[in-house]
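Below you'll find the structure, written out as structure tokens, and then a few comments.
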Amino acid sequence: MRAGKTEEDGRITLIQSDIWIGFPRAEQVLDRLQCMIEAPRQTRMPGLLVHGASGIGKTMIARNLSRRYAPEYDPASGITRTPLLLLQAPPAPDERRFYLHILATVGAPATALSARAQNVASLEVRVVALLRDLGLRMIMIDEVHNLLAGTHREQRRFLNVLRYLSNELEVSLVCLGVSEAVDAIRGDIQLARRLDEHHLPNWRDDAEFSDMIQTLIAAMPLEKKSNLKVKSLKQILALTGGVTSRIFALIKDLSIDAIVTGDECITDDAIAKWTPVWSRHANPPSAAREVRGVKPHPLPKTVAPLPDELLSGWLSRLAAANYCDDAELLAHLRIDTAHGTALNFNVDAAAAAKIANAARIDPDVVRSLTFPAMTTREASLTAQIPFQHCLQCSREGLSLKHWRRAWAFDCQVCGTRLVPTLGKASGEQMPEKLINRARNGAARLEYAARLRSSKQFRRAMRAVTFAISLKAFRGDPLYALQGHRLEVRLFGLAAIDAAQSRPLVKAAISSSGIDDYARVALLRAFDKEPRLLAAVVYIARQRAKSIGAMAVESHN
573 MRAGKTEEDG RITLIQSDIW IGFPRAEQVL DRLQCMIEAP RQTRMPGLLV HGASGIGKTM
633 IARNLSRRYA PEYDPASGIT RTPLLLLQAP PAPDERRFYL HILATVGAPA TALSARAQNV
693 ASLEVRVVAL LRDLGLRMIM IDEVHNLLAG THREQRRFLN VLRYLSNELE VSLVCLGVSE
753 AVDAIRGDIQ LARRLDEHHL PNWRDDAEFS DMIQTLIAAM PLEKKSNLKV KSLKQILALT
813 GGVTSRIFAL IKDLSIDAIV TGDECITDDA IAKWTPVWSR HANPPSAARE VRGVKPHPLP
873 KTVAPLPDEL LSGWLSRLAA ANYCDDAELL AHLRIDTAHG TALNFNVDAA AAAKIANAAR
933 IDPDVVRSLT FPAMTTREAS LTAQIPFQHC LQCSREGLSL KHWRRAWAFD CQVCGTRLVP
993 TLGKASGEQM PEKLINRARN GAARLEYAAR LRSSKQFRRA MRAVTFAISL KAFRGDPLYA
1053 LQGHRLEVRL FGLAAIDAAQ SRPLVKAAIS SSGIDDYARV ALLRAFDKEP RLLAAVVYIA
1113 RQRAKSIGAM AVESHN
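Position one of the sequence shown corresponds to residue 573 (the numbering used here), numbered consecutively onward.
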């Protein structure tokens, strides 16, 4: 009884997919390659050149081995362990193109690299460092006969690259190609000596061929057994020339015809009537396959984000781990910005999904690295660009969110006092009393911002405005707290602490003896509050008189 249409479609799809038949000659090569990849590292690693006619099965063998040693992601180290790297030789012997192909194959940024980063020397350093980190043990180069498309000098340079990678990384080198590939490899005597040759001949009319055909037909999802005569086997050999890919295509075509006609088996008559129309049952384009082609490949190395880490800082660490810069990484992920700082305050769902896929984390984790929704006051106290950092944590490539806050004073990770990103490297010359006052003022500023108390915040900003006026600083008080002038920032934060008790008296004390320039700055700063400034001036004068009177009594 014939199967239903849905079942027929499923069986035809199965036939059209890649089928691996472990015939002895293929298993022999696989066993040899497996011994090579499992061999311990040594100064001179073993190599192999597998050659034969086009379509004889070299690529199928290589892909089967690559599936056995597929890349495996290690969450603990954040590294995609890649024991085997299967590459196709470029159409012509081009070192730069070859290095870029290696980066693209392992999922590292390649086409998005800057022009300077794409020179051969830079690419060589990047590729060697990355492949060493991935734990590579074997490089397989398919279609190595493409070398013959270049000049003799270009061939020698490309072969030198292969030999260099094998020596530098201590990995086995395997080359696959048609018989002409032997001539290409023999162009480098040193490389030829370390590559053993293994020839895959065309199939012949013998017991091995008969067994292979029977095994292949048995793998087809047909409901009846196919009993072929010796004459039909010889005809298959004549039609295909003993080439493996053509034999597979013939058997697949006949199997599909058997399902469509309802015969459910391959007959001698079908073989006699068969014509080599190779595209007759070609695979239709798969929507799923198209989607996979667009989906970015995960990065070969990842780093886990830390609590309170800023998205731009984590992206920088991610880029450094993959030997590229931020702009190259973002271009590789197809995110329309050259600076990660543009994502710190808002990252859309599409960008978060791309980053998450590349770094193998959840999109919600990516979004958690941005600043959360803030009030207008909190936003005004959060710098758009970095103005301070922790020396110790910065050496490890970290960039934390709390460093951007105007009230941040000490690093929450290591406890070290934060220093300006530009300007003075440290505040060692600053008085310790001023530093302690500034630390207390920073805590009070955070309290005012978090408490959402307008009165507390207004008092703090008045203190900062008065302090920076004394320092002859021309600018907004919020900018002073997020600027690179350490002495102005410390003085402003210390003023916040001082303003908590008897602020007018302390302002009067601070303003005593100031020059005319600073006094003009005060008038400009408090042009909308003349009564407040007048009170400060009055208290300062009264204090000066009191001090003068005490000095006269003491003299008498």
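All C-beta atoms in this analysis are idealised placements derived from N, C-alpha and C, irrespective of residue type, glycine included.
> Are the beta-carbon atoms belonging to Val754 and Ala625 less than 9 angstroms from one another?
Replying inline: Remark: C-beta atoms of Val754 and Ala625 do not approach each other more closely than 9 angstroms.
> In whole angstroms, what separates the C-alpha of Arg949 from that of Ala642?
Replying inline: Rounded to whole angstroms, Arg949 to Ala642 spans 52 angstroms at the Cα level.
> When you compare each of Val1036, Pro1003, Ile1007 to Leu1017 by their alpha carbons, which one comes out closest?
Replying inline: Answer by Cα proximity: Val1036.
> Taking the alpha-carbon positions, what's the Ala844 to Lys803 distance?
Replying inline: Ala844 and Lys803: Cα-Cα distance of roughly 10 angstroms.
> When you compare only the Cα positions, how much space is there between Glu599 and Cys747?
Replying inline: Straight across, the Cα-Cα distance linking Glu599 with Cys747 is about 17 angstroms.
> Rounded to whole angstroms, how far is the Cβ of Ser884 from the Cβ of Asn929, which I believe are closer than 8 angstroms?
Replying inline: With a Cβ gap of about 19 angstroms, Ser884 and Asn929 do not count as contacting.
>> Any contact between the region 722-732 and the region 698-708? By contact I mean 3 or more CB pairs, one from each, below 8 angstroms.
In response: Short answer: they don't touch.
> Going along the chain, which residues of its own chain have a beta-carbon closer than 6 angstroms to the beta-carbon of Ala1032, five neighbours each way excluded?
Replying inline: Within the same chain, Ala1032 has close Cβ partners Leu1017, Ala1020, Ile1068.
> Once you ignore the five residues that flank Leu809 on each side, which residues in its own chain have a CB closer than 7 angstroms to its CB?
Replying inline: Trp775, Asp777, Phe781, listed in sequence order.
> With burial defined as no fewer than 16 other Cβ atoms inside 10 Å of the residue's Cβ, what is the status of Tyr671: buried or exposed?
Replying inline: That one is buried.
>> Between the alpha carbons of Ser888 and Phe595, how many angstroms are there, rounded?
In response: Phe595 has its alpha-carbon roughly 49 angstroms from the corresponding atom of Ser888.
> From Pro870 to Ala914, what distance separates their C-alpha atoms?
Replying inline: Taking the straight line from one Cα to the other gives about 22 angstroms.
> Where does Ser1026 land, buried or exposed, given buried means 16+ other C-beta within 10 angstroms?
Replying inline: By the 10 Å Cβ count, Ser1026 comes out exposed.
> Alpha carbon to alpha carbon, what distance is there between Cys986 and Gln964?
Replying inline: Approximately 8 angstroms between the Cα atoms of the pair.
> Nearest CA to the CA of Ala751: which residue from Arg766, Ala921, Lys797, His717?
Replying inline: Strictly speaking, residue 751 in this sequence is Ser, with Ala absent from that position. Per the Cα distances, His717.
> What is the residue span of the beta strand (DSSP E) that His770 lies within?
Replying inline: For His770, the uninterrupted beta strand (DSSP E) run begins and ends at 767-772, by DSSP.
> So Thr652 and Pro872 are in contact, right, with Cβ under 8 angstroms, and what is the actual spacing, rounded?
Replying inline: Confirmed, Cβ separation roughly 5 angstroms.
> How many Å lie between His911 and Leu902 at the Cα?
Replying inline: Going by the C-alpha atoms only, they are around 8 angstroms apart.
> What residues in its chain sit with their C-beta under 8 angstroms from that of Lys806, if we drop five residues either side in the sequence?
Replying inline: The beta carbon of Lys806 sits closer than 8 angstroms to the beta carbons of Asp777 from its chain, once the five residues preceding and following it are set aside; these are given in chain order.
> Whole-angstrom Cβ separation of Ala931 and Leu882, contact assumed at under 8 angstroms?
Replying inline: With a Cβ gap of about 15 angstroms, Ala931 and Leu882 do not count as contacting.
> What are the start and end residues of the alpha helix (DSSP H) that includes His673?
Replying inline: First-last of the alpha helix (DSSP H) with His673: 667-678.
>> Suppose the cutoff is 7 angstroms on Cβ atoms and the five residues either side in sequence are ignored; what does the same chain contact list for Asp646 look like?
In response: Sequence-distant Cβ neighbours of Asp646 in its own chain, meaning closer than 7 angstroms and more than five residues away, are Arg653.
>> Classify Asp908: buried if its beta carbon has 16 or more other beta carbons within 10 angstroms, exposed otherwise.
In response: It is exposed - the Cβ of Asp908 has fewer than 16 other Cβ atoms within 10 Å.
>> Just to confirm the assignment, what range does the beta strand (DSSP E) spanning Gly624 have?
In response: Per DSSP, Gly624 belongs to the beta strand (DSSP E) from 619-624.
> In the DSSP assignment, what are the bridge partners of Gly749?
Replying inline: Gly749 pairs with His623.
> By a C-beta neighbour count over all protein chains shown, 10 Å radius and 16 as the cutoff for buried, is Gly1013 buried or exposed?
Replying inline: Classification for Gly1013: buried.
> Which of helix, strand or coil does DSSP assign to Thr585?
Replying inline: Correct three-state label for Thr585: helix.
>> Please classify Lys801 as buried or exposed, where buried requires at least 16 other C-beta atoms within 10 Å of its C-beta.
In response: Result: exposed.
>> Going by the DSSP bridge assignment, what does Gln960 pair with across the sheet?
In response: Paired residues: Pro992.
> Taking C-alpha atoms, which residue in Ala680, Met712, Ala921, Pro944 lies nearest to Glu900?
Replying inline: Just measuring C-alpha positions, the residue of Ala680, Met712, Ala921, Pro944 sitting nearest Glu900 is Ala680.
> Assuming Ile789 contacts Ile757 under a Cβ cut-off of 8 angstroms, what Cβ separation, rounded to an integer in Å, is found between them?
Replying inline: About 37 angstroms; that fails the 8 angstroms criterion.
> For Ala709 versus Arg635, is the C-beta distance shorter than 9 angstroms?
Replying inline: One point to set straight first is that residue 709 is Arg, not Ala, in the sequence displayed. Cβ distance not < 9 angstroms, so Arg709 and Arg635 don't count as in contact.
>> Can you tell me where the beta strand (DSSP E) holding Arg1170 begins and where it ends?
In response: The structure shown has nothing for residue 1170, since the chain only spans 573 to 1128.
> By how many angstroms is the C-alpha of Asp603 removed from the C-alpha of Leu811?
Replying inline: Rounded to the nearest angstrom, the two C-alpha atoms are 31 angstroms apart.
> What does DSSP give as the partner residues of Asp646 in its beta bridges?
Replying inline: Answer by DSSP bridge pairing, in chain order: Ile651.
> Can you tell me the Cα-Cα spacing of Thr723 and Leu695, whole angstroms?
Replying inline: Near 22 angstroms, if we compare the C-alpha coordinates of Leu695 and Thr723.
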